[in-house]
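K.L.:
Chains as they are written, first to last, in my numbering: chain R, 418 to 625; chain L, 418 to 625; chain B, 418 to 625.
By construction, the Cβ of each residue, glycine as well, lies at the ideal position given by its N, Cα and C atoms.
Okay, handing you the structure first.
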Amino acid sequence: MMNELITNFTVIIDFLGTFAFAISGIKLASGKNIDLLGAYLIGLVTAIGGGTIRDLLLDATPFWMLDSRYIIITGMALLAIILLKEKLFKWGNTLFIFDAIGLGLFTIVGISKSYDAGLSIWVCILMGTITGCLGGVMRDVLINEVPLIFRKDIYALTCILGGIIYFICLKLELQGFLPEVIGVLTVIVFRIIAVKFHLKLPVLTSIR
Amino acid sequence: MMNELITNFTVIIDFLGTFAFAISGIKLASGKNIDLLGAYLIGLVTAIGGGTIRDLLLDATPFWMLDSRYIIITGMALLAIILLKEKLFKWGNTLFIFDAIGLGLFTIVGISKSYDAGLSIWVCILMGTITGCLGGVMRDVLINEVPLIFRKDIYALTCILGGIIYFICLKLELQGFLPEVIGVLTVIVFRIIAVKFHLKLPVLTSIR
Amino acid sequence: MMNELITNFTVIIDFLGTFAFAISGIKLASGKNIDLLGAYLIGLVTAIGGGTIRDLLLDATPFWMLDSRYIIITGMALLAIILLKEKLFKWGNTLFIFDAIGLGLFTIVGISKSYDAGLSIWVCILMGTITGCLGGVMRDVLINEVPLIFRKDIYALTCILGGIIYFICLKLELQGFLPEVIGVLTVIVFRIIAVKFHLKLPVLTSIR
C-alpha cells in the first residue's frame with residue numbers, strides 16, 4: 418500500500434518535472450524564428466534528453482520508448498504556452514518549483530538506477546548529473562548557445578550535492594525511501610537557495 | 418522473386434537517399450572554411466546520423482557498421498561536388514527529388530523497425546522522424562547553426578504525416594508492401610508540395 | 418611478464434592522453450564566461466566523449482563507467498590549470514606530445530576493439546577516428562564553435578593514416594604488438610609533422 422502510494426507519487430512528480438523541463442525548452446526556443454513543431458521538439462529533447470543518454474549508457478531501453486505519455490505531456494506544455502502565453506509565466510515561481518522538483522527527482526533516479534547497475538559512487542553521481550542536466554545542455558546546443566549550466570546556473574553542482582547527500586544517507590543505513598527523499602529534497606532546497614541568492618561559481622578566466 | 422525485386426529496389430533508393438543526404442551536408446559545409454575531410458565527415462553525419470541514433474535507441478548495431486558502402490557513397494558525393502561543382506546543382510531538382518525519396522524511405526524504415534520492436538504508434542512515429550531528420554540536425558549543429566528543420570523547412574511534419582498515413586494503411590489492413598509504399602509516397606509528395614508552395618508552420622513568438 | 422609490462426605501459430599512456438585531452442577542453446572553455454564546474458565537464462567530455470560513442474556503437478559498457486579514475490584525472494587537469502595557469506603552458510610542447518600520444522593510442526584502441534568485433538576495415542578506421550576525434554568535436558559544439566578538426570587541424574586525417582598503416586602491418590603479419598605500436602607511432606609522428614609544418618587540407622569553397 419505504502420509502496421504503491423510512493424510509486425504513484427513518483428509518477429506524478431516525474432510528469433510535473435517533465436512538463437516543467439518541456440516548458441523551459443519551448444520557452445528558450447521562442448522568439449528565435451523557430452516554428453511550433455521545432456519548439457515542440459526542442460521541448461521534448463529538454464524533457465527526455467538526459468534520461469535517454471543515461472539509459473543508452475546503462476544499455477537500457479530509453480524510458481520514453483515504453484511510455485508515450487512523455488510525448489503527450491510535451492504536447493500539453495506547448496499547448497499551455499500557446500494558450501496562456503505570458504499568463505503562464507505569472508506562475509513563474511510554480512514552474513520554477515516544478516523544475517527544481519524535476520531536477521531533484523531525475524538526478525536521484527539516475528543515481529539509484531546506476532547504483533543498482535553496480536557502478537561506483539562517483540560514476541553514479543556523474544550519471545545522476547547527466548540525467549538531470551543533459552536535456553538542458555542539448556536544448557542550448559540546438560538553439561545555438563553555450564549551455565546555461567556551464568556559465569550561469571548552479572545546476573550541475575546541485576545534482577552533485579544531492580548525490581553526495583544521498584550516498585551519505587545510504588552509508589548511515591537510513592531505511593526505506595529516506596535516502597531518496599532526502600537526496601531529492603537536497604537538490605530542491607539547494608536549487609532554490611542558489612537562485613534566490615544568485616549564487617554563482619567562479620568563472621575560469623582566459624589562460625591562453 | 419517479387420520480394421527480391423522490392424529488396425533490390427529498396428537498396429537502390431536507400432543509396433540514392435544516402436547520396437542526396439551526404440550532398441546536402443557537404444553543400445552546407447562549403448564556404449565555411451571547412452576542409453575537404455571535414456566536409457566529408459559532415460556529409461557522412463548527415464547521411465547516417467538519424468539511422469545511427471535510431472539503431473542505438475533500439476539497441477541494434479548501427480546499419481553502417483555492417484555495410485561499408487555508406488562510407489563509400491559519401492566519398493562519391495564529395496567527389497561529385499569537387500568535380501562537378503556548380504554543374505551539380507543544375508541538377509538541383511534531381512537532388513531534391515533524391516532527398517525527398519530518401520526522407521520518405523528513411524522515415525518509414527525507422528517507423529517499421531520500431532513497430533517490429535513492439536513500440537507504440539506515437540513512439541514509432543517519433544522514431545521515424547528521428548531517423549529522417551536527426552542527420553540534418555547534427556549537420557546544422559556541427560556547422561554551428563540553429564537546425565533548419567526547426568525554423569524553415571516543413572521537414573519533421575512531413576515525417577509525422579507519412580507515419581500517420583502508414584498506420585492508417587496498417588489499420589485498413591492493406592496487404593503486402595502497400596502501407597510502406599503509400600507511407601513513403603506521402604512523405605515525398607507532401608515534401609514536394611511544401612517546398613513548391615513555400616509552406617511554413619507558424620513561428621513561436623517570444624514569450625519572455 | 419612482457420604482456421603485463423605492456424598493459425601497464427598502455428594504462429599510463431591512456432591516463433596521460435586523458436589528462437592532455439581534458440586540458441585541451443578546459444583550456445578552450447576558459448575566458449568564455451564558463452564557470453569552474455562547466456570547464457570541468459567540458460574537459461571530461463573532451464577526454465571521454467570519443468571512447469563513449471565508440472562503446473555505445475559497439476554495444477559495450479562505456480569504459481569510464483567501470484573505472485572512476487577518468488573522472489579523477491579530469492579533476493587533476495582542472496586543478497593543474499587553476500594552480501599553474503600560464504606556467505602550465507610553458508610546458509605547451511609536453512602537453513602537445515601527450516595529446517598526440519593520446520590521439521594515437523585512442524585511435525588504435527578504437528580500431529582494434531572494432532576489428533575484434535568483426536567489423537570491416539573501413540568501418541574500423543572510421544571507428545578509430547571517432548574514438549580519437551569525437552571528444553574534441555563535442556568540446557567545440559559545447560563552446561559553440563565549428564569543430565576545429567573540420568577547419569584547421571590535420572587531426573582526423575592523422576587517425577585515418579594511422580589506421581591504414583595499422584592494417585598494412587596486420588596484412589604483413591607482423592607479430593605481437595608491432596602493428597599497434599607502429600600504428601600509434603604513425604599517428605604521433607604525422608601529427609607532429611602536421612603541426613610543425615602547418616600542414617592543411619584544402620578548404621571546400623562555397624558551392625551555393
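Taking Cβ to Cβ, would you say Gly545(L) is nearer than 8 Å to Gly580(L)?
P.N.:
As a first step, residue 545(L) is located in the second sequence; it is residue number 128 there, counting from the start. As a first step, residue 580(L) is located in the second sequence; it is residue number 163 there, counting from the start. Yes. Within cutoff.
K.L.:
Out of curiosity, what's the CA-to-CA distance linking Leu422(L) and Asn561(R)?
P.N.:
Taking the first residue of the second sequence as position 1, residue 422(L) is located at position 5. Taking the first residue of the first sequence as position 1, residue 561(R) is located at position 144. Whole-angstrom Cα-Cα distance: 44 Å.
K.L.:
What's the call for Pro479(L), buried or exposed, on a 16-neighbour Cβ count within 10 Å?
P.N.:
Residue mapping note: residue 479(L) aligns to position 62 of the second sequence, counting from 1. When all chains shown are included, Pro479(L) counts as buried.
K.L.:
Between the region 527–537 of chain L and the region 509–518 of chain L, can you find at least three pairs of beta-carbon atoms closer than 8 Å?
P.N.:
no
K.L.:
Can you confirm whether Lys617(L), when its beta carbon is compared against all beta carbons of chain R, has any partner nearer than 8 Å?
P.N.:
Sequence index remark: in the second sequence, residue 617(L) carries index 200 (1-based). Chain R contact via Cβ: present.
K.L.:
Could you tell me the alpha carbon to alpha carbon distance between Leu616(B) and Val428(L), rounded to whole angstroms?
P.N.:
Position 199 of the third sequence, counted from the start, is the residue given in the question as residue 616(B). Position 11 of the second sequence, counted from the start, is the residue given in the question as residue 428(L). Going by C-alpha positions, Leu616(B) is about 39 Å away from Val428(L).
K.L.:
Just verifying my parser: in three-state terms, what is the DSSP assignment at Val620(B)?
P.N.:
Taking the third sequence and counting its residues from 1, the one referred to as residue 620(B) is at position 203. The answer is strand: DSSP assigns Val620(B) an E or B state.
K.L.:
For Pro564(B), count neighbouring Cβ atoms within 10 angstroms of its own Cβ and tell me buried if that reaches 16, exposed if not.
P.N.:
Locating residue 564(B) in the third sequence gives position 147, where the first residue counts as 1. Result: buried.
K.L.:
Using the three-state DSSP reduction, which class does Asp452(R) fall into: helix, strand or coil?
P.N.:
Numbered from 1 along the first sequence, position 35 holds the residue referred to as residue 452(R). Strand, per DSSP.
K.L.:
Taking Cβ-Cβ distances shorter than 8 Å, what residues in chain R pair up with Gly448(B)?
P.N.:
Position 31 of the third sequence, counted from the start, is the residue given in the question as residue 448(B). By Cβ distance, chain R contributes Leu621, Thr622, Ser623, Ile624, Arg625.
K.L.:
Name the chain L residues whose beta carbon is nearer than 9 Å to that of Gly637(R)?
P.N.:
Past the edges of chain R, shown from 418 to 625, lies residue 637(R), and the structure says nothing about it.
K.L.:
Are the CB atoms of Arg556(R) and Asp452(B) nearer to each other than 8 Å?
P.N.:
For this step, residue 556(R) is matched to residue 139 along the first sequence. For this step, residue 452(B) is matched to residue 35 along the third sequence. No, the pair does not count as a contact, with Cβ atoms beyond the cut-off.
K.L.:
Check whether the Cβ of Leu473(R) lies closer than 8 Å to any Cβ atom in chain L.
P.N.:
Position 56 of the first sequence holds residue 473(R). Yes - at least one Cβ of chain L is within 8 Å of the one on Leu473(R).
K.L.:
Does Ser485(L) get closer than 8 Å to chain B when you measure Cβ to Cβ?
P.N.:
What you label residue 485(L) is simply residue 68 of the second sequence in a count that begins at 1. Ser485(L) counts as touching chain B.
K.L.:
If we call anything under 8 Å between Cβ atoms a contact, is Ile488(B) one with Val554(R)?
P.N.:
Position 71 of the third sequence, counting from 1, holds the residue named residue 488(B). Position 137 of the first sequence, counting from 1, holds the residue named residue 554(R). Contact flag unset, no.
K.L.:
So, under 8 Å CB-CB, Ile566(R) and Ala573(R) are touching, yes? Tell me the CB distance rounded to an integer number of Å.
P.N.:
Taking the first residue of the first sequence as 1, we reach residue 566(R) at position 149. Taking the first residue of the first sequence as 1, we reach residue 573(R) at position 156. Right, the Cβ-Cβ distance comes to about 5 Å (below 8 Å), so this counts as a contact.
K.L.:
Tell me which residues of the region 546–567 of chain L have at least one Cβ-Cβ distance to chain B shorter than 9 Å, keeping chain order.
P.N.:
Val558, Leu559, Ile560, Asn561
K.L.:
Helix, strand or coil: how does DSSP classify Glu590(R) here?
P.N.:
Start at 1 with the first residue of the first sequence, and residue 590(R) comes out as number 173. Reduced to three states, the DSSP call for Glu590(R) is coil.
K.L.:
Locate the alpha helix (DSSP H) running through Ser441(B), then write down its first and last residues.
P.N.:
What you label residue 441(B) is simply residue 24 of the third sequence in a count that begins at 1. Element bounds for Ser441(B): 419–446.
K.L.:
Only counting the same chain, and skipping five residues up and downstream in sequence, which positions put a Cβ closer than 8 Å to that of Ser447(B)?
P.N.:
Taking the first residue of the third sequence as position 1, residue 447(B) is located at position 30. Closer than 8 Å at Cβ, skipping near neighbours: Ala456, Ile498.
K.L.:
Can you name the residues of chain R whose CB is closer than 7 Å to the CB of Ala464(B)?
P.N.:
To locate residue 464(B), count along the third sequence from 1; it is residue 47. None at all; the shortest Cβ gap to chain R is about 13 Å.
K.L.:
Report yes if the C-beta distance between Leu551(R) and Gly466(R) is below 8 Å; otherwise report no.
P.N.:
For the purposes of this step, residue 551(R) is identified with residue 134 of the first sequence, where counting begins at 1. For the purposes of this step, residue 466(R) is identified with residue 49 of the first sequence, where counting begins at 1. Yes, the pair counts as a contact, with Cβ atoms nearer than the cut-off.
K.L.:
Rounded to whole angstroms, what is the Cα-Cα separation between Pro619(B) and Leu433(R)?
P.N.:
By 1-based counting over the third sequence, the position of residue 619(B) is 202. By 1-based counting over the first sequence, the position of residue 433(R) is 16. Roughly 52 Å separates the two Cα atoms.
K.L.:
Determine whether the Cβ of Leu520(R) lies closer than 8 Å to any Cβ atom of chain L.
P.N.:
On the first sequence, residue 520(R) is found 103 positions in, with the first residue counted as 1. Answer no: the Cβ-Cβ gap between Leu520(R) and chain L never drops below 8 Å.
K.L.:
Can you say whether Gly593(B) is buried or exposed, counting buried as having 16 or more other CB atoms within 10 angstroms of its CB?
P.N.:
In the third sequence, the residue the question calls residue 593(B) occupies position 176. Exposed: under 16 other Cβ atoms inside 10 Å.
K.L.:
Determine the burial state of Met419(R): buried for a count of at least 16 other Cβ atoms within 10 Å of its Cβ, exposed for fewer.
P.N.:
Sequence index remark: in the first sequence, residue 419(R) carries index 2 (1-based). Label assigned to Met419(R): exposed.
K.L.:
What residue range is occupied by the uninterrupted alpha helix (DSSP H) comprising Glu365(B)?
P.N.:
Given a span of 418 to 625 for chain B in the structure shown, any question on residue 365(B) remains unanswerable.
K.L.:
In three-state DSSP terms, what is Ala534(R)?
P.N.:
The residue given as residue 534(R) occupies position 117 in the first sequence. Coil, per DSSP.
K.L.:
With 7 Å as the limit, tell me which residues of the region 533–544 of chain R have their beta carbon closer than that to any beta carbon of chain B; keep them in chain order.
P.N.:
Leu536, Ser537, Trp539, Val540, Leu543
K.L.:
Can you give me the Cβ contacts of Thr641(L) inside the same chain, cut-off strictly under 6 Å, excluding the 5 residues immediately before and after it?
P.N.:
Lying before the first or after the last residue shown, residue 641(L) is absent from chain L, which here runs from 418 to 625.
K.L.:
According to the neighbour-count rule (16 or more other Cβ atoms, all chains shown, within 10 Å of its Cβ), is Leu454(R) buried or exposed?
P.N.:
Locating residue 454(R) in the first sequence gives position 37, counting from the first residue. Leu454(R) comes out buried.
K.L.:
For Thr548(B), is the classification buried or exposed, using 16 other Cβ atoms within 10 angstroms of its Cβ as the cut-off for buried?
P.N.:
As a position in the third sequence, residue 548(B) is number 131, starting the count at 1. The residue is buried, with at least 16 neighbouring Cβ atoms inside 10 Å.
K.L.:
Express the C-alpha separation of Val598(B) and Leu589(B) in angstroms, rounding to a whole number.
P.N.:
For the purposes of this step, residue 589(B) is identified with residue 172 of the third sequence, where counting begins at 1. For the purposes of this step, residue 598(B) is identified with residue 181 of the third sequence, where counting begins at 1. Distance between the alpha carbons of Leu589(B) and Val598(B): 14 Å.
K.L.:
Using the C-alpha atoms, what's the distance from Asn425(R) back to Leu512(R)?
P.N.:
The residue labelled residue 512(R) in the question sits at position 95 within the first sequence. The residue labelled residue 425(R) in the question sits at position 8 within the first sequence. Approximately 21 Å, taken between the alpha carbons.
K.L.:
Strictly under 8 Å for the Cβ-Cβ distance: is Gly455(B) near chain R by that measure?
P.N.:
Within the third sequence, numbered from 1, the residue matching residue 455(B) stands at position 38. At least one chain R Cβ lies under 8 Å of Gly455(B).
K.L.:
Please name the residue in Ile577(L), Ile538(L), Ala439(L) whose C-alpha comes closest to that of Gly492(L).
P.N.:
Here the question's residue 492(L) lines up with position 75 in the second sequence. Minimum Cα distance to Gly492(L) is reached at Ala439(L).
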